[in-house]
Every structure is written in structure tokens, then in C-alpha cells.
């Protein structure tokens, strides 16, 4: 906490303002510089209204998921070691560590983002990703820290936050079903994110959909979004500066960190039956793997039933989530020595309405487009948007 | 895991082949065991009756056929797991999207093929049990034909993808 200038009392006061969605952008910045793992635990307990044990319990992976995810990760590990054992670590080849959720490890049936990346012959990918994993769990377990010190990878990929938002019906707890919320106006951090979009948009904002979605977002959503910002900042700061704010103190000099922020997921209960035999898995996945339980059911539980409202709530959430991720990365790119360290792969609008396997996960062809955008980013091919790699820029959606 | 399945697959295939050669070699008509899968009612009954008349060990050749059909259940389990695993692992290597999707379809096909093969075995055992009951023959021909067509397709897709990957990686190395 080298840059921390807050007393313990001030910090508590800022945390209270943070949770009440009344914190200014400058205060959030002060809090960010002072936050540690203990504070993060306190904040999440208060957002979720649970004690630490209960929070860890809901964030932990269910054993079935852990087992199924393990099958894929074991295959990945054996391929990784096969490459390493063939003198892989030479200039031109990249060692990649991936931590994340189901976009990085979808159980067996789908070829996910990491599967596509790992097919590159000059990449060796070690994966810790688990479908259903929470950012909170990743940060508390800190398995990636151990792996980072062992592998000293060239690239660290992370995909997290989706389950913290929609896992265990949490999305029901962060909406205001009256449709009269004006919490966005009280959140300077988010207002600044959108002000930047209006000056220089990376992805065009559909103002009507966004405003409609905002009506349903409660103060807890903003607290959670800012919490993601603090968590990601803490994670990246730890890797790039050893939590000192100075690149010279990094244990992993030159490491490239790439984040991603999903696409506008589709609340739905439809089973997805169709005539295309190559999509045989869609109804199967939808019947047995949680489809409908992440978004549509929890939102309907709170009384948000209109199809357009449901879609717009998710639109606003994902739009802000991506902007928050881009902002978090930008903070590091402004530090001397870290100008080209943090990148973001932006999948917003890349999947379209018909490109989904279920509520949250794209069809393999769309996972491929995101995966190939990651590959371009890892290979440092230039992007129109600097550190942000927009999937639709590289692989436009065929409508 | 894959290696264990291959060993089991080869062992069971060899054992089945051995049983088949006993049946084909001992009966005067030299009926092949595999023909039981595609025989119509009259040929099927003729085969089973011919095998029933020839003593072998403590029973007849028909006992060997029955035992072979029971062994086939283990064989089905083994080749299904093998097809699932090989298709899945190859899917992780297949960069060409249509082939990747077809390998994913193989996962479903493996289960369909196994179901068809189990149905076929049930029909063969039923036919043996009702060998002397007039009008109770149930030909497994259609089930068997679909099973072989789907198996051929699944293996073909796997081999095409495997060859493509090998050529592709060799070209990259060159």
C-alpha cells in the first residue's frame, strides 16, 4: 500500500460510501490505493449480506463442476507438458497461463476460447480455468499466484466476474424491479466511464437500451461493479508491480495480461431445438447445464418479465462491465514501464442474437472468433483501439 | 486412459475374432458369426439351427454364439468410450470449424451406435431364445445396417481430421 494516504477510520468511511453507491471517483481512487485482501473480504460480505464462510461457500466450485473441469484441464496439462518437454521455451514461442471461468473451460462438449488458443503450435497453455468459478474464489485461493511463480509465463489470461454476477441467482439481488432506479446518476465512476464512451466509443452505445437497462440496476450492482474494479486492480497490481505501483518491483517483468468481458448474454428459457444435426448439443446443454437459471429465472423472480427489459438489463450490465475492465487496464498502461502490459479482448456485439449455445455461452464458432482475437492480441498485431482488441473488428459477425 | 482402452479394445476384438473363427470353422456350412447381424428370418434360423446341432465343449456352437454376444456388451462399452475419447481429444486439435463440429457430432454418434449395437444384441439373444417358436424371429438387419453406416462415418471423420492435423503440423514444421 505504498500510495495509501488514508487512516483506518477514513478507509471505513469510504467503504461505507462505496457500499451505499455514494463514493466519488476521486474517493474510489483513494480507496483503491489502500485496499488489501482483508478489505475486499469485508466489502463482499456486505454486498452479499453473508459472513465470510458463507461467501466462500457460495463462491466455491461444486465438486461435480470441479471434476468435469478437471478432465479438460488434465488434457491441457498433458499437452502443455508435452510441448515443454520438447524444448519449447525458445524465442518466438509463448508460455501462457490461463485463469478463468466457463469461457475458458466449458465442460467437454464445447470448444472454448482456451481450446482454440491452445491449438496454436507456438503457444503452450497451462490452464487453471474452471467453469462456474468466481473471481472471488480465484483471488482467495490464489492458485494463479503459485503457478505464476513456477511458470513465469509470457502471457496471463483472465476471464472472471461472470459467475460473481450471475452465479447462484445473485443477479436477482442486484436489480431494482420497480424500474425506477436512478443509482447510475449517483455513481461518478460509471458516469465517467460513459462520458468517455461518448467522446471516443470503442463499441457504439445504444443509448435507448442502456437507459432502459439502467432503470433496473440497484445500488448493489454498482457496488459489485466497483468491487470488480478493485479486485482486478488488486490482481493486476500484484502481478505487475508487486502491489507497490512501481513496475520495477514486478516479479514478472514483460508479462502481458489479457482480460475479457463477455458479450450481451441472452436471458432465455428456450430449449433450442432445431434441424441442424451439428447443433445437437444445444438442447442437451440447455436442459441439463443451468440454462435459464443464470439470468431469466432470477430476473423473473424479482418481477422483471418483459423480454426487452430482460435483455436491456443484461446489455447495461455487460456494457459497463467491459468499460470498467478497459478503464482498469488503462490505469496500468499509464504507469512507466507498463505501457504495453494490460490488454482487453472486447466481445461486445460479437455473438449476436443467434450465436449462443445457452444463456451465457457462445456457439463454438463464436468462441473461435474470440479465441482468434486473443491470438492476435498475444501476437501483438496492431488494434484500432490500442490495448483493446474488438472481436468484431477482426472477425465481423455474419448476420 | 486412452492406452488402457486401446488394450481392452484390441483384446476384446481378438477374443471375438477367436470365437468367430471357432463358429465359422466348426459348422459344415461355414456360417460367419457376423452374418447373424444381417440375416433375414430364414437364413437366421438356418444358421442358429446349424450351430445348435454341433457340440462344442460342454454345450453347442450356439452357446459360443451366446457367449460372444454377451462379450460384445463389454466390447460396446470399450469402443464407445474409445470413440468418445478419441473424438474429444481430436476436437481439441481440429482448427477447421466444420471438422471440429463433425467431431463433436461423433460424441452423439458414439452413443447412438452403442444403443443400436445393444438393440442388435438383444434381438440376437431373443432369436436364440425363440429359435423353436414359429414366427418369433426378429431380424436385426436394419439396426445393424444403420450401426455400421454410422460407425463408418464416425471413424471416417476421425481419420480425416487426424490426417489433416498430421499434414498441417508437418507443413508448419517444414
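Residue numbers (my numbering), protein chains in the order written: chain H, 1 to 399; chain U, 1001 to 1174.
For glycine and all other residues, C-beta sits at the position ideal for the given N, C-alpha and C.
Since this is a predicted model, take the numbers as computed values, not measurements.
Own chain, CB closer than 6 Å to residue i, minus 5 neighbours either side, in chain order
| i | result |
| --- | --- |
| residue 1151(U) | 1113 |
| residue 205(H) | 197 |
| residue 1072(U) | 1121 |
| residue 337(H) | 247 |
| residue 33(H) | 3, 4 |
| residue 315(H) | 209, 213, 264 |
| residue 1165(U) | 1093 |
| residue 373(H) | 345, 389, 391, 394 |
Beta-carbon proximity list for residue i, same chain, < 7 Å, skipping 5 on both sides
| i | result |
| --- | --- |
| residue 385(H) | 202 |
| residue 1127(U) | 1044, 1048, 1137, 1138 |
| residue 131(H) | 65, 69, 101, 102, 105, 106, 107 |
| residue 95(H) | 89, 124, 151, 153, 154 |
| residue 357(H) | 110, 282, 285, 363 |
| residue 1029(U) | 1050 |
| residue 223(H) | 18, 19, 21, 47 |
| residue 271(H) | 283, 286, 287 |
| residue 180(H) | 215 |
C-alpha distance - residue i paired with residue j, whole-angstrom precision
| i | j | result |
| --- | --- | --- |
| residue 157(H) | residue 396(H) | 23 Å |
| residue 981(U) | residue 117(H) | Coverage of chain U is limited to positions 1001 through 1174, which leaves residue 981(U) absent and any answer about it impossible. |
| residue 120(H) | residue 393(H) | 21 Å |
| residue 401(H) | residue 1160(U) | Beyond the ends of chain H as shown, which are 1 and 399, falls residue 401(H); an answer cannot be given. |
| residue 322(H) | residue 348(H) | 8 Å |
| residue 1144(U) | residue 1069(U) | 14 Å |
| residue 141(H) | residue 56(H) | 10 Å |
| residue 19(H) | residue 4(H) | 20 Å |
| residue 77(H) | residue 1060(U) | 52 Å |
| residue 1077(U) | residue 148(H) | 41 Å |
| residue 1081(U) | residue 109(H) | 15 Å |
| residue 139(H) | residue 312(H) | 30 Å |
| residue 298(H) | residue 193(H) | 27 Å |
| residue 1063(U) | residue 1106(U) | 34 Å |
| residue 30(H) | residue 235(H) | 17 Å |
| residue 111(H) | residue 212(H) | 34 Å |
| residue 129(H) | residue 308(H) | 33 Å |
| residue 135(H) | residue 40(H) | 12 Å |
| residue 185(H) | residue 191(H) | 7 Å |
| residue 1162(U) | residue 365(H) | 20 Å |
| residue 391(H) | residue 367(H) | 10 Å |
| residue 1099(U) | residue 1168(U) | 14 Å |
| residue 1055(U) | residue 81(H) | 56 Å |
| residue 400(H) | residue 1026(U) | The requested residue 400(H) is not part of the displayed model; chain H covers only 1 to 399. |
| residue 24(H) | residue 188(H) | 6 Å |
Simplified DSSP assignment, three categories, for residue i
| i | result |
| --- | --- |
| residue 281(H) | helix |
| residue 94(H) | strand |
| residue 1148(U) | helix |
| residue 99(H) | strand |
| residue 262(H) | coil |
| residue 126(H) | strand |
| residue 1031(U) | coil |
| residue 1015(U) | helix |
| residue 257(H) | strand |
| residue 356(H) | strand |
| residue 455(H) | What the structure shows of chain H is the stretch from 1 to 399, and residue 455(H) is not part of that stretch, so it cannot be assessed. |
| residue 205(H) | coil |
| residue 233(H) | helix |
| residue 395(H) | coil |
| residue 267(H) | coil |
| residue 153(H) | coil |
| residue 217(H) | strand |
| residue 362(H) | strand |
Under 9 Å from the C-beta of residue i: neighbouring residues of chain H
| i | result |
| --- | --- |
| residue 1107(U) | 108, 109, 280, 281 |
| residue 1169(U) | 121 |
Same chain, Cβ closer than 8 Å to residue i, five either side skipped, listed in chain order
| i | result |
| --- | --- |
| residue 343(H) | 256, 257, 258, 259, 329, 377, 387, 388, 389 |
Contacts of residue i in chain H (Cβ-Cβ under 7 Å)
| i | result |
| --- | --- |
| residue 1095(U) | 119 |
| residue 1100(U) | 111, 364 |
| residue 1088(U) | 108 |
| residue 1091(U) | 111 |
Residues that residue i contacts on chain U, provided the C-beta gap is smaller than 9 Å
| i | result |
| --- | --- |
| residue 277(H) | 1105, 1108 |
| residue 75(H) | 1088, 1089, 1092 |
Chain-ordered neighbours of residue i on chain U, where CB pairs are closer than 7 Å
| i | result |
| --- | --- |
| residue 115(H) | 1092 |
- Length at least 3, wholly inside the stretch 1052 to 1136 of chain U: the beta strand (DSSP E) runs in chain order: Note on the stretch 1052 to 1136 of chain U: there is no whole beta strand (DSSP E) run with a minimum of 3 residues.
- Message: My parser needs the alpha helix (DSSP H) runs of 4 or more residues fully inside the stretch 272 to 348 of chain H; what are they?
- Response: 281 to 288, 296 to 301, 307 to 333
- Inside the stretch 159 to 185 of chain H only - alpha helix (DSSP H) runs reaching at least 4 residues: 162 to 166
- Message: Which residues of the stretch 359 to 383 of chain H have a Cβ closer than 7 Å to any Cβ of chain B? Give them in chain order.
- Response: Absent from the structure is chain B; the protein chains it does hold are H and U.
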